[in-house]
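Below is one structure; the comments refer to it alone.
Numbering (the numbering used here), first residue to last: 5 to 320.
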């Protein structure tokens, strides 16, 4: 008789367990469906777009004292010369490691130098489109006005060309980490360092001579923090928890900051050799002296800093 009672109690508990599990499943399903309904048409982690904030190097460039007169420069291209794909230890990557839009960063940096008081940037990257549009305007004017049509003003030309490119991307130049574990509870931290190198030079259109040349390196850091727990909390119960976070410095922002420093260095070096000059000569001389002490005193044998470092060679 006791055997039948125990068996009946066991079956009753089993049915109650299934009933509770079914209730939990129904509740979770309803919750998920209601969440999907409330988030219909939008991403759960959607963020509004924002203007890219200025870097410290970009602020230094924008706050330069203005030039005695603005210089006309042209930028045709600023290509990726690294040939590097994104580093991946698991699968082959065919995406490029660095941005292919270096010319856009160069033009933006030149236009913002000294609050817009240093360079007139002449469009050359889209020259074909520009010439085609001018041809269309001329054809339309001729069609409606005949020989009395007014000609377009000539395209502005530049006396200096900005040449160069992204010349190197070295992945995993330094890797490391540390971790610890005690009684099933542990954590670790890992980091990786990459280096991107940008070269920029100023070329005279009249003579073809390279007037200044600048090379800038920028370190890119990636870090990962993880923690986990794996331990028995009862004879047949295991607690397993795992959490982590990674932080990767955006490569395109690192390239942008390196280009901004390259433009800053170009301005300083050009002023030093007399290629152009500051409107306020005293302020310009003070900045040149600070630049020479801060940037040109560094050697390539020393440690690579996390901020961009300029290595300058120029005619003078």
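Yeah, the Cβ is synthetic: ideal placement off N, Cα and C, and Gly gets one too. What you are looking at is a predicted structure, and each value in this text was computed from that prediction instead of being measured.
Does the separation of the CB atoms of residue i and residue j fall below 8 Å?
i           : j           : result
residue 249 : residue 114 : no
residue 219 : residue 203 : yes
residue 275 : residue 292 : yes
residue 244 : residue 255 : no
residue 180 : residue 192 : no
residue 59  : residue 66  : no
residue 122 : residue 63  : no
residue 110 : residue 148 : no
In angstroms with no decimal places, state the Cα-to-Cα distance between residue i and residue j.
i           : j           : result
residue 108 : residue 196 : 28 Å
residue 117 : residue 295 : 16 Å
residue 128 : residue 194 : 44 Å
residue 208 : residue 137 : 28 Å
residue 88  : residue 124 : 33 Å
residue 160 : residue 126 : 7 Å
residue 271 : residue 260 : 17 Å
residue 41  : residue 168 : Note that residue 41 scores a pLDDT of 48, beneath 50, so its modelled location is shaky; the value from the coordinates is reported in the next line. If you take the alpha carbons of residue 41 and residue 168, they lie about 52 Å apart.
residue 236 : residue 226 : 34 Å
residue 163 : residue 79  : 11 Å
residue 101 : residue 61  : 22 Å
residue 85  : residue 53  : 30 Å
residue 69  : residue 120 : 10 Å
residue 166 : residue 199 : 23 Å
residue 278 : residue 289 : 12 Å
residue 144 : residue 106 : 35 Å
residue 224 : residue 231 : 24 Å
residue 71  : residue 298 : 22 Å
residue 156 : residue 99  : 43 Å
residue 189 : residue 246 : 10 Å
residue 172 : residue 135 : 34 Å
residue 228 : residue 176 : 14 Å
residue 222 : residue 258 : 6 Å
residue 153 : residue 253 : 55 Å
residue 142 : residue 283 : 40 Å
residue 400 : residue 140 : Residue 400 is absent from the structure shown; the chain starts at 5 and stops at 320.
residue 55  : residue 104 : 20 Å
residue 214 : residue 158 : 27 Å
Run through DSSP, which three-state label would residue i get?
i           : result
residue 80  : coil
residue 73  : coil
residue 85  : coil
residue 238 : strand
residue 41  : Note that residue 41 scores 48 on pLDDT, short of 50, meaning its location in the model is unreliable; the coordinates nonetheless yield the value given after this. Three-state result, residue 41: helix.
residue 161 : coil
residue 150 : helix
residue 244 : strand
residue 14  : Only weak support exists for where residue 14 lies, its pLDDT of 42 falling under 50; the coordinates are left without a value.
residue 139 : helix
residue 258 : helix
residue 55  : coil
residue 251 : strand
residue 177 : strand
Which residue or residues does DSSP assign as beta-bridge partners of residue i?
i           : result
residue 192 : 183, 230
residue 169 : 203
residue 100 : 89
residue 144 : Residue 144 pairs with nothing; no bridge assigned.
residue 389 : In this structure the chain extends from 5 to 320, so residue 389 is not present and cannot be described.
Any heavy atom of the ligand ADP closer than 7 Å to the Cβ of residue i?
i           : result
residue 167 : The ligand ADP is absent from the structure shown, which contains no ligand whatsoever.
What runs of the alpha helix (DSSP H), each 4 residues or longer, lie entirely inside the segment 104-133? Uninterrupted alpha helix (DSSP H) stretches at least 4 residues long and entirely within the segment 104-133 occur at 106-116, given in chain order.
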